[in-house]
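The next block holds one structure in the form of structure tokens; read it before the comments.
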């Protein structure tokens, strides 16, 4: 066998035996090494996922809106306009203050000379004046300012109407993020179970190594999807908390696992009915109508300004040099509108009235368009979500189970199993996205319809009570 080396028959038999056994040993060692590496990868991924449990609590949609009314800085700033309007009411109702004057006259260089001490000089004249507004101008100013305050109240309600929709949409985004990570976790756990079963089958040679690697690679992709879903969840939380003013101990906030239910009064109404109700009840429409009434008051006030106001005065004169040293008197003064008759103010008020009427007409057009668009979007989103609920979800769940059973029996290959898992994940994500889209479309319809939100400034309850109530309703994350 080897030149120059003498071997006996037994040594040759041993060498032949080793040459036949070594390939099998190499294969066994390779399988053991691959299994060990796979187990280490699974253990490492499990260690990464096993994070310390954090305190989590849920908040309902209504609790989120209540906190928004109480804590959102933008809404609070808008509510300050009400205080400003009430201050304008006080200014408009103010009566002009009287004017007091005191005059010392008959001052001369010799008045203080020694030879003039017997004379009662100098003389003095106290006087008081009062402006009296005529033609009901003060009453018109008061009525105009009261209408302005009422319009500002509706403006704040309109801001609340728009921002409430923002809160709702942010709440639904958080709920969608929770559903997305739930699907990712369920899919990952499912792949881990498939890996566990196929790892045993690989050891006994019941599955090809390439098929096992495909399943393992797909599980790593699913794990990446879970990481992305977790990042989207944290972003959705931050968006909602920003609107809520970051309440105390709210980092791990969750949205209650409930999608909104449609109100039959709105959902079953026709577009014409929704438009008519919106034109009647929406705060921006009511504010526009009130501003027309206010503009008419302003025009009337400008026309009344042509009538001059009257200033009356009274005085007391003490002058020892007069025949009557102590005298008094009254006076009246009236400006004569000879050169200017308030034509500029009257024209300006007429322009303001015309602008208010045009603003109301434009608001009507906008309301009709918003309601029609929101109603159409809601009907479309509702139809899509209903198809998922009644047909698609049940079918994809049945297909997933059937493919898994068929794979276990060897009727289908690993590619069919992976395709079924991918289809299930895609359909479930589309299903939850359809639910979120329907919820957002419903929120848009409520905003266009003009849901009664009331004045957010006078919402009952305290911040801490609502927040504690929210914390008392705990649910499991992603359940």
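Residue numbers (full-length UniProt numbering): 1 to 479.
Note that beta-carbon positions come from the ideal geometry of N, C-alpha and C, so glycine has one too.
Residue burial classification, residue i (beta-carbon count within 10 angstroms, cutoff 16)
i: residue 440; result: buried
i: residue 322; result: exposed
i: residue 401; result: exposed
i: residue 178; result: buried
i: residue 154; result: buried
i: residue 373; result: exposed
i: residue 369; result: exposed
i: residue 172; result: buried
i: residue 450; result: buried
i: residue 188; result: buried
i: residue 97; result: exposed
i: residue 490; result: Beyond the ends of the chain as shown, which are 1 and 479, falls residue 490; an answer cannot be given.
i: residue 272; result: exposed
i: residue 325; result: exposed
i: residue 200; result: exposed
i: residue 225; result: buried
i: residue 27; result: Unreliable positioning characterises residue 27 in this predicted model, as indicated by a pLDDT of 42, which lies under 50. The coordinate reading is nonetheless provided below. Per the 10 Å Cβ criterion, exposed.
i: residue 421; result: buried
i: residue 61; result: buried
i: residue 336; result: exposed
i: residue 164; result: buried
Any non-hydrogen atom of the ligand GDP closer than 7 angstroms to residue i Cβ
i: residue 181; result: Although the ligand GDP was asked about, the structure shown includes no ligands whatsoever.
Those residues which DSSP pairs with residue i across a bridge
i: residue 105; result: 123
i: residue 327; result: 317
i: residue 310; result: 132
i: residue 99; result: 129
i: residue 253; result: 57
i: residue 333; result: 311
Cβ pair residue i, residue j closer than 8 angstroms
i: residue 448; j: residue 184; result: no
i: residue 240; j: residue 174; result: yes
i: residue 289; j: residue 353; result: no
i: residue 385; j: residue 435; result: yes
i: residue 302; j: residue 345; result: yes
i: residue 71; j: residue 245; result: yes
i: residue 156; j: residue 81; result: yes
i: residue 59; j: residue 232; result: no
i: residue 242; j: residue 160; result: no
i: residue 375; j: residue 268; result: no
i: residue 65; j: residue 167; result: yes
i: residue 57; j: residue 198; result: no
Candidates the options: closest to residue i by CA position
i: residue 146; options: 129, 222, 125 and 85; result: 85
i: residue 304; options: 241, 135 and 428; result: 135
i: residue 356; options: 102, 297, 211 and 73; result: 297
i: residue 339; options: 327, 351, 301 and 306; result: 306
i: residue 366; options: 388, 419 and 285; result: 285
i: residue 270; options: 261, 395, 371 and 382; result: 371
i: residue 87; options: 148, 198, 78 and 99; result: 148
i: residue 427; options: 398, 445 and 89; result: 398
i: residue 377; options: 421, 445, 265 and 65; result: 445
i: residue 334; options: 130, 78, 77 and 73; result: 130
i: residue 423; options: 433, 238, 437 and 395; result: 395
i: residue 419; options: 437, 214, 262 and 295; result: 214
i: residue 193; options: 203, 216 and 210; result: 216
i: residue 261; options: 152, 382, 341 and 137; result: 382
i: residue 195; options: 417, 263 and 247; result: 417
Own chain, CB closer than 8 angstroms to residue i, minus 5 neighbours either side, in chain order
i: residue 132; result: 309, 310, 311 and 312
i: residue 299; result: 346, 349, 350, 352 and 353
i: residue 143; result: 297
i: residue 73; result: 245
Residues near residue i in its chain [Cβ-Cβ closer than 6 angstroms; skip 5 each side]
i: residue 191; result: 219 and 222
i: residue 229; result: 180, 181 and 184
i: residue 141; result: 92
i: residue 1; result: Because the pLDDT at residue 1 is just 41, under 50, the model does not fix this residue reliably, and the value given afterwards should be weighed accordingly. Correct list: empty, nothing qualifies.
i: residue 393; result: 431
i: residue 316; result: 126 and 328
i: residue 236; result: 173, 174 and 177
i: residue 103; result: 125
i: residue 379; result: none
i: residue 99; result: 129
i: residue 314; result: 128 and 330
Cβ-based neighbour list, residue i, same chain, cut-off 7 angstroms, excluding 5 preceding and 5 following
i: residue 169; result: 440 and 443
i: residue 101; result: 127
i: residue 150; result: 290
i: residue 282; result: 367 and 450
i: residue 158; result: 283, 284 and 287
i: residue 318; result: 123, 124, 325 and 326
i: residue 40; result: Confidence at residue 40 is low in this model, with a pLDDT of 44, below 50, so the placement of that residue should be treated as unreliable; the coordinate-derived value is given next. If we look at residue 40 and ignore the five residues flanking it on each side, it has no Cβ neighbours.
Chain C contact for residue i (CB, 8 angstroms cutoff)
i: residue 125; result: Looking at the structure shown, chain C is missing, and only one protein chain is on hand.
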